[in-house]
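Novice:
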Amino acid sequence: MTSIELWNVSKSLGRTLALDGADLSFGPGLVALLGRNGAGKSTLLSIMAGLTAETSGDLHLNGSRLKKDRRPLRAAATFLPQDLRLDPATPAAAYVRYLLDLRKRPDDQLEPLLARFGLTEAATTPIGELSGGARQRVALAYACACDTPILLLDEPTQGLDPWERLTLMDYLAEAAADKLIVYSTHIISDVEAVAPRLVVLDRGQVLHDGPAGDLAAPLVHEVPVEDARGLVTGRDGLYKVRCILDGDPPESAKLVEPTLTDAYLALTR
Numbered sequence: 123m124t125s126i127e128l129w130n131v132s133k134s135l136g137r138t139l140a141l142d143g144a145d146l147s148f149g150p151g152l153v154a155l156l157g158r159n160g161a162g163k164s165t166l167l168s169i170m171a172g173l174t175a176e177t178s179g180d181l182h183l184n185g186s187r188l189k190k191d192r193r194p195l196r197a198a199a200t201f202l203p204q205d206l207r208l209d210p211a212t213p214a215a216a217y218v219r220y221l222l223d224l225r226k227r228p229d230d231q232l233e234p235l236l237a238r239f240g241l242t243e244a245a246t247t248p249i250g251e252l253s254g255g256a257r258q259r260v261a262l263a264y265a266c267a268c269d270t271p272i273l274l275l276d277e278p279t280q281g282l283d284p285w286e287r288l289t290l291m292d293y294l295a296e297a298a299a300d301k302l303i304v305y306s307t308h309i310i311s312d313v314e315a316v317a318p319r320l321v322v323l324d325r326g327q328v329l330h331d332g333p334a335g336d337l338a339a340p341l342v343h344e345v346p347v348e349d350a351r352g353l354v355t356g357r358d359g360l361y362k363v364r365c366i367l368d369g370d371p372p373e374s375a376k377l378v379e380p381t382l383t384d385a386y387l388a389l390t391r
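Positions in the sequence shown are counted from 1; adding 122 to them yields the numbering used here.
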């Protein structure tokens, strides 16, 4: 069974502590990684992929402590960054096969994945002629076709429309039956839809690790606009503010059901 463990792992980037004493253990399954920009999500994924060395701490693969040689980890993991560069002049399927060949991975899953991600007709189209969403799906087809036991995806739903996001999440939920899949996101609905486990990072620190439903639910109120500042919502021609208040709420406040977004914002504010 594939596993990755991080023991008190930190990473400094200049004067910035991008990851601060992370203690995490991962096995097969689907994990969502949530955090604001600069929280340390990409750094964590890069360390788990064997592409970035930690400043301190220990990394374990399948129960064995990894030394400086990270080739076993790189062989076991596929990391899809936010900005994978694709050759604009090469047809989509041909370029994915080229990338798979570089990694010495078979291409037997490529055609089914192209079909699943709606890319069959685009397979012979030069990548530069595809839309941004289609290019993102080509990158995802490559990452999934690698068929490694560890799949690490940095903001994989960027550029995807709701149906394309749903297709990807359906695939990840199925593939996680026998793979370790970790994906970072800013989209709360992507977490609520499929991820049984949520890791929240903020300023390099792990603030939460467990089911999304275990996040402490804050007290959330709706108040008239003139009484508070927060998330403005409109209903029946009336505008109200949804907010997490410090101190006693005004008399005009109405207690409402908290959402996962509310819990995340309360945890990281």
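In this text, a Cβ means the ideal position worked out from N, Cα and C, and glycines have one as well.
Assess contact between the segment 211 to 224 and the segment 254 to 267, defined as three or more Cβ pairs (one per stretch) separated by less than 8 Å. Is contact present?
Specialist: yes
Novice: Kindly identify the DSSP beta-bridge partner or partners of Q327.
Specialist: For the purposes of this step, residue 327 is taken as residue 205 along the sequence shown, with counting starting at 1. Answer by DSSP bridge pairing, in chain order: D324.
Novice: Using a Cβ-Cβ cutoff of less than 7 Å, which residues in the same chain neighbour M123 once the five nearest sequence positions on both sides are dropped?
Specialist: Indexing the sequence shown from 1 puts residue 123 at position 1. G149, P150.
Novice: So what does DSSP say about L252, is it helix, strand or coil?
Specialist: Numbered from 1 along the sequence shown, position 130 holds the residue referred to as residue 252. DSSP places L252 in coil when its eight states are reduced to three.
Novice: Name the one or two DSSP bridge partners that E314 has.
Specialist: Counting from 1 along the sequence shown, the entry for residue 314 is found at position 192. BP columns for E314 are empty, so no partner.
Novice: Which residues in the same chain have their Cβ closer than 6 Å to the Cβ of E176, if we skip the five residues on either side of it in sequence?
Specialist: For the purposes of this step, residue 176 is taken as the residue at position 54 of the sequence shown. Excluding residues within five positions, the ones whose Cβ falls inside 6 Å are V131, K133, I169.
Novice: Mapping the DSSP letters down to three states, classify E392 as helix, strand or coil.
Specialist: Any property of residue 392 remains undetermined from this structure, which presents the chain solely from 123 to 391.
Novice: Rank L167, P380, V342 by C-alpha distance to the C-alpha of D370 and give the top, closest one.
Specialist: Position 248 of the sequence shown, counted from the first residue, corresponds to residue 370. When only C-alpha atoms are compared, the closest one is V342.
Novice: What did DSSP end up calling A154 once you bin it into helix, strand or coil?
Specialist: Translated into positions along the sequence shown, residue 154 becomes position 32. Correct three-state label for A154: strand.
Novice: For the segment 316 to 324 against the segment 153 to 169, are there 3 or more C-beta pairs whose distance is under 8 Å?
Specialist: yes
Novice: Might you give, ordered along the chain, the residues of its own chain that have their beta carbon closer than 6 Å to the beta carbon of H182, omitting 5 neighbours on each side?
Specialist: Locating residue 182 in the sequence shown gives position 60, counting from the first residue. Excluding sequence neighbours, H182 sits near E127.
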